[in-house]
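Engineer: Below you will find the structure I want to go over with you.
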Amino acid sequence: MSEEVKVQDQTQESQEAVSQEDAEQALNNVPVLKRGATVKGKIVKVDADQALVDIGYKYDGVIAVRELASAELGQEVELKVVSINDAKETLVLSAKKVVDNSKAWETLQGQLDSKEIIEAAVTEVVKGGLVVDIGVRGFVPASMVERQFVEDFSDYKGRTLRLRVKEIDREKNKVILSQKDVLDEEYEANKKKIIEGLAVGQVLDGTVQRLTQFGAFVDIGGIDGLVHISELAWHHVAQASDVVKEGDKVKVQVLKLDPANDKISLSIKATQEGPWARVEREFNGGDIVTGTVKRLAAFGAFVEIAPGIEGLVHISQIAHRHIGTPHEVLKEGQEVQVKILEINAGEKRVSLSIKETEEAPEAPAAPAASSKPERERQPRGDRDRGNSASHQKEIAGNENVSLNNQGMSLTLGERFGDKLSKFKN
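In terms of this note's numbering, the sequence shown opens at residue 111 and continues consecutively.
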């Protein structure tokens, strides 16, 4: 091979290497495009209804001529990427979106600065929140949609929300909005006004908002008040869900107002007829009813004969035989038959007897006078007299205890025995 041919081959190889290197470098310099990006380019071809624009990408973009004020070869334009598909080498551009988008960002900045409330429709429900259309894509995080927790947003699509712009980042095309801020602000503005219009004793309609271990919060028209668990019902309530559930419509009475701390205490049971209001209507002295032993004391047993109605069975009315303590024959939770001895609804007291529901055992034959010395009977008199005073003191302040003559009286024999013992001493 001649020297001339070798030189030509080397020159050609060198040119090919340079061309390949330039191509690779040019390819590396091709910008990365994303949908929504703003680009600048030059019109390189114009057809009847569309124009091709060179934006420095791997292939030209297409734009509808109707979107351009004028379409001339070599004209420089600023456009928006509508869609891009490298596999099919299609790049769709738009001029209208650039103008609209630019105005939208300017508007959003003004709304962020002024804290203006805007309205926008939900276009998508996505993981973590909602997407709204505000001229650009806006995002409302799940925690910023409502004042309360929302588990399922599936029915929010199409709803119009009242929002406040929280954050914008034009470079990242990010807009964060909140409806919760708007609702919280309105709630706080209305709270004091509502409290000022309330009065202790006022009865209102409300809606149960949420349940806690210590009660239920009830919405009474734009503000929540607490119904303590002890005010949910007249009977004992272990947990609020046993009585009410979220969404229930209830009547409540205002118990206490604390405007300084924005607190309202409410009661559901105060709007209902209490058990003592109907006790005289449902029970009569002499009735025998079934009850439950609720608790035991040294002086007797408290028996519930209806929800919220407890009566006292004095220790002397528990059994025909003498017992030293109610625990000898009764236990809490036990069902028993009781006779109503006395009802005092005004003082919320009922006296009961267990032994009067049972047949008295036959009395044993009376022993000879000499077979039982007086000194053996004496301790019992002392004990009864001491216990009587002790019992009276213990039950004096108990609103559930009412003592009648039958329940507490000593027999004539016991009284005379007591007197005789004094003379002998």
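Even for Gly, the Cβ is constructed at its ideal location relative to N, Cα and C.
Taking 8 Å as the cut-off, decide whether the C-beta atoms of residue 293 and residue 274 are in contact.
Structural biologist: By 1-based counting over the sequence shown, the position of residue 293 is 183. By 1-based counting over the sequence shown, the position of residue 274 is 164. Against a cut-off of 8 Å, the Cβ pair of residue 274 and residue 293 comes out as no contact.
Engineer: Please specify which runs of the beta strand (DSSP E), each continuous and at least 3 residues long, are wholly inside the segment 280-322, giving them in chain order.
Structural biologist: Counting only runs of 3 or more, we get 284-288, 313-322.
Engineer: So within the segment 368-451, which uninterrupted beta strand (DSSP E) runs reach at least 3 residues, ignoring any that extend past its ends?
Structural biologist: 373-377, 398-407, 410-416, 419-424, all fully within the segment 368-451.
Engineer: Which partner residues of residue 329 appear in the DSSP bridge assignment?
Structural biologist: Indexing the sequence shown from 1 puts residue 329 at position 219. 317, 334.
Engineer: Could you pull out every residue in the same chain whose Cβ sits closer than 6 Å to the Cβ of residue 169, ignoring the five residues on either side in sequence?
Structural biologist: Reading the sequence shown from its first residue, position 59 is the one you call residue 169. Cβ neighbours of residue 169 beyond the five flanking positions: 199.
Engineer: So, is residue 449 buried or exposed, given that buried needs 16 or more other C-beta atoms within 10 angstroms?
Structural biologist: Taking the first residue of the sequence shown as 1, we reach residue 449 at position 339. Residue 449 should be labelled buried.
Engineer: Going by alpha carbons, who is nearest to residue 299 out of 154, 153, 333, 337?
Structural biologist: Numbered from 1 along the sequence shown, position 189 holds the residue referred to as residue 299. Measuring from the Cα of residue 299, the nearest candidate turns out to be 333.
Engineer: Return the chain-ordered list of same chain residues with a C-beta closer than 6 Å to the C-beta of residue 419, the five sequence neighbours on each side being excluded.
Structural biologist: Stepping through the sequence shown from its first residue, residue 419 is reached at position 309. Excluding sequence neighbours, residue 419 sits near 385, 389.
Engineer: So for residue 213, helix, strand or coil by DSSP?
Structural biologist: Numbered from its first residue, the sequence shown carries residue 213 at position 103. Helix.
Engineer: From the DSSP secondary-structure annotation, give me the bridge partner or partners of residue 234.
Structural biologist: For the purposes of this step, residue 234 is taken as residue 124 along the sequence shown, with counting starting at 1. In the DSSP output, where bridge partners are listed per residue, residue 234 has 241.
Engineer: Identify the continuous beta strand (DSSP E) that holds residue 471 and give its terminal residues.
Structural biologist: Reading the sequence shown from its first residue, position 361 is the one you call residue 471. Where residue 471 is concerned, there is no enclosing beta strand (DSSP E), given that its DSSP letter is neither H nor E.
Engineer: At a cut-off of 7 Å, would you count residue 152 as near the ligand GTP, judging by its Cβ distance to the nearest heavy atom?
Structural biologist: The model depicted lacks the ligand GTP and carries no ligand whatsoever.
Engineer: Are the CB atoms of residue 379 and residue 336 within a distance shorter than 8 Å?
Structural biologist: Counting from 1 along the sequence shown, the entry for residue 336 is found at position 226. Counting from 1 along the sequence shown, the entry for residue 379 is found at position 269. Cβ atoms of residue 336 and residue 379: not closer than 8 Å.
Engineer: What does the Cβ neighbour count give for residue 193, buried or exposed, with the cut at 16 atoms within 10 Å?
Structural biologist: Taking the first residue of the sequence shown as 1, we reach residue 193 at position 83. So residue 193 counts as exposed.
Engineer: On the DSSP bridge list, what partners appear for residue 152?
Structural biologist: Along the sequence shown, read from residue 1 onward, the residue named residue 152 stands at position 42. 164, 186.
Engineer: Which residues in the same chain as residue 331 place their Cβ atom closer than 6 Å to its Cβ, once the five residues preceding and following it in sequence are excluded?
Structural biologist: The residue you call residue 331 lines up with position 221 of the sequence shown. Nothing meets the Cβ criterion.
Engineer: How long is the line joining the alpha carbons of residue 381 and residue 312, rounded to whole angstroms?
Structural biologist: As a working note, residue 381 is residue 271 in the sequence shown. As a working note, residue 312 is residue 202 in the sequence shown. The straight-line gap from Cα to Cα measures roughly 10 Å.
Engineer: So, does the segment 301-308 touch the segment 354-372, judging by three or more C-beta pairs under 8 Å?
Structural biologist: Judged by Cβ distances under 8 Å, the segment 301-308 makes contact with the segment 354-372, as three or more pairs qualify.
Engineer: Give the range of the beta strand (DSSP E) segment to which residue 260 is assigned.
Structural biologist: Along the sequence shown, read from residue 1 onward, the residue named residue 260 stands at position 150. No beta strand (DSSP E) holds residue 260; DSSP gives it neither H nor E.
Engineer: Grouping DSSP H, G and I as helix and E and B as strand, with all else coil, what is residue 144?
Structural biologist: Position 34 of the sequence shown, counted from the start, is the residue given in the question as residue 144. Looking at residue 144 - three-state DSSP - the assignment turns out to be coil, as it is neither helix nor strand.
Engineer: Between the alpha carbons of residue 155 and residue 182, how many angstroms are there, rounded?
Structural biologist: To locate residue 155, count along the sequence shown from 1; it is residue 45. To locate residue 182, count along the sequence shown from 1; it is residue 72. Distance between the alpha carbons of residue 155 and residue 182 is about 8 Å.
Engineer: Roughly how many angstroms lie between the CA atoms of residue 147 and residue 243, to the nearest whole one?
Structural biologist: For the purposes of this step, residue 147 is identified with residue 37 of the sequence shown, where counting begins at 1. For the purposes of this step, residue 243 is identified with residue 133 of the sequence shown, where counting begins at 1. About 17 Å.
Engineer: With a CB to CB cut of under 8 Å and the five nearest residues on each side skipped, what residues in its chain are close to residue 430?
Structural biologist: Working through the sequence shown from its first residue, we reach residue 430 at position 320. Closer than 8 Å at Cβ, skipping near neighbours: 465, 468, 470, 471.
Engineer: Nearest-angstrom Cα distance between residue 438 and residue 463?
Structural biologist: Taking the first residue of the sequence shown as 1, we reach residue 438 at position 328. Taking the first residue of the sequence shown as 1, we reach residue 463 at position 353. Computed Cα separation, rounded: 16 Å.
Engineer: So, residue 149 versus residue 161, is the Cβ gap smaller than 8 Å?
Structural biologist: As a working mapping, residue 149 is identified with position 39 in the sequence shown. As a working mapping, residue 161 is identified with position 51 in the sequence shown. Contact: no.
Engineer: How many angstroms separate the CA atom of residue 317 from the CA atom of residue 404?
Structural biologist: Within the sequence shown, the letter at position 207 stands for residue 317. Within the sequence shown, the letter at position 294 stands for residue 404. In a straight line, the C-alpha of residue 317 is about 33 Å away from that of residue 404.
Engineer: Could you spell out the range, first to last residue, of the beta strand (DSSP E) harbouring residue 342?
Structural biologist: As a first step, residue 342 must be located in the sequence shown, where it is residue number 232. Residue 342 -> no beta strand (DSSP E), and no H or E assigned at all.
Engineer: Where residue 361 and residue 383 are concerned, what is the direct C-alpha to C-alpha distance, given to the nearest angstrom?
Structural biologist: To locate residue 361, count along the sequence shown from 1; it is residue 251. To locate residue 383, count along the sequence shown from 1; it is residue 273. Going from the Cα of residue 361 to the Cα of residue 383 covers about 12 Å.
Engineer: What does DSSP give as the partner residue(s) for residue 463 in the beta ladder?
Structural biologist: By 1-based counting over the sequence shown, the position of residue 463 is 353. BP columns for residue 463 point to 449.
Engineer: Below 8 Å on the Cβ atoms is my guess for residue 143 versus residue 172; work out the distance and round it to an integer in Å.
Structural biologist: Position 33 of the sequence shown, counting from 1, holds the residue named residue 143. Position 62 of the sequence shown, counting from 1, holds the residue named residue 172. Residue 143 to residue 172, Cβ: 14 Å. No contact.
Engineer: Considering just the uninterrupted stretch of the beta strand (DSSP E) at residue 171, what are its terminal residues?
Structural biologist: Residue numbering aside, residue 171 sits at position 61 when the sequence shown is read from its first letter. Where residue 171 is concerned, the enclosing beta strand (DSSP E) stretches over 171-174.
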